[in-house]
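Student:
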Amino acid sequence: MRAFIVALTLGAAGSALATPAIETDRKDVVPSLLVQSAKGYSYQGGKLTLEGVSPSTVIVAERPERLAGHAPTDDIIAGWADGTDSFQKDPPNADFSTLTDEGAKNVELQLRNPRLDGDALTYDVRVISGTLRRRGGESSMFIDLVGRPAAPLDGTNAARRVTRRAVFFR
Numbered sequence: 000m001r002a003f004i005v006a007l008t009l010g011a012a013g014s015a016l017a018t019p020a021i022e023t024d025r026k027d028v029v030p031s032l033l034v035q036s037a038k039g040y041s042y043q044g045g046k047l048t049l050e051g052v053s054p055s056t057v058i059v060a061e062r063p064e065r066l067a068g069h070a071p072t073d074d075i076i077a078g079w080a081d082g083t084d085s086f087q088k089d090p091p092n093a094d095f096s097t098l099t100d101e102g103a104k105n106v107e108l109q110l111r112n113p114r115l116d117g118d119a120l121t122y123d124v125r126v127i128s129g130t131l132r133r134r135g136g137e138s139s140m141f142i143d144l145v146g147r148p149a150a151p152l153d154g155t156n157a158a159r160r161v162t163r164r165a166v167f168f169r
């Protein structure tokens, strides 16, 4: 399986760079989130399927850097179990936000075992808080990445998060 690792790093001039380096100093890692968007979703038996998921996953850095970029969703999924600090070993939490007739609804989830089939992305999920309806419309998944409490911000954590194919901009 291809290693897929995402990290936003700062160069000497302060510009955003995608880097293939595995060794990353703590000061160079920018805390970031993965964002996956879909046209709709279904949920049944602990399985959440994002239907019409975007082929690109957005990567957004926290302030003050305000960096953003994207990577192919299939690369994110292909690298799920890669590395010593993989999402397979340390499943990420995510905030799942969907639009309903009553407005936006959010559910906190733990994500495991992603499977991508065309534009359908299925996760095994554990609901941490909130209520997940069986079906819904437009949705976004905000996945904890670097610097979450369960995964300290360090070079090991960042090692699974570097890609040569990501594109970053200010």
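Heads up, the sequence shown is in numbering that gives the first Met the number 0, so the first residue is 0 and it goes up one at a time. Glycine is no exception: its CB is placed at the ideal position from the N, C-alpha and C atoms.
#1: If you follow the alpha helix (DSSP H) that ASP94 is in, where does it begin and where does it stop?
#2: Count the C-beta pairs between the segment 62 to 70 and the segment 97 to 104 that are closer than 8 Å, then say yes if the count reaches three, no if not.
#3: Thinking C-alpha only, which one of ASP143, PRO30 and TYR40 is nearest ASP118?
#4: Answer yes if the segment 38 to 53 comes into contact with the segment 73 to 87, meaning at least three C-beta pairs across the two stretches below 8 Å, and no otherwise.
#5: Can you tell me the Cβ-Cβ gap for LEU144 and SER31, rounded? I've got them flagged as a contact below 8 Å.
#6: Under the three-state reduction of DSSP, which class applies to THR130: helix, strand or coil?
#7: Can you find a CB in chain C that lies within less than 9 Å of the CB of GLY78?
#8: Starting from ALA77 and walking both ways along the beta strand (DSSP E), at which residues does that stretch end?
#9: Which one of VAL126, PRO113 and SER53 has the shortest CA to CA distance from PRO71?
#10: Compute the Euclidean distance between the alpha carbons of ASP89 and ASP116, then round it to the nearest angstrom.
#11: Where do the ends of the beta strand (DSSP E) carrying SER55 lie?
#12: In the DSSP assignment, the beta strand (DSSP E) including ASP84 goes from what residue to what residue?
#13: Alpha carbon to alpha carbon, what distance is there between ASP74 and SER55?
Tutor: Inspection of the coordinates gives the following:
#1: That residue, ASP94, is in no alpha helix (DSSP H); its beta strand (DSSP E) goes 92 to 99.
#2: No, they do not touch.
#3: TYR40
#4: no
#5: 5 Å
#6: coil
#7: Judged by its chain identifiers, the structure shown contains no chain C, having just a single protein chain.
#8: Annotation: ALA77 is outside any beta strand (DSSP E); the continuous alpha helix (DSSP H) that includes it extends over 72 to 77.
#9: SER53
#10: Roughly 23 Å between the two C-alpha positions.
#11: 55 to 60
#12: Segment: none, ASP84 is in no beta strand (DSSP E) and carries neither H nor E.
#13: The alpha-carbon separation between SER55 and ASP74 amounts to approximately 9 Å.
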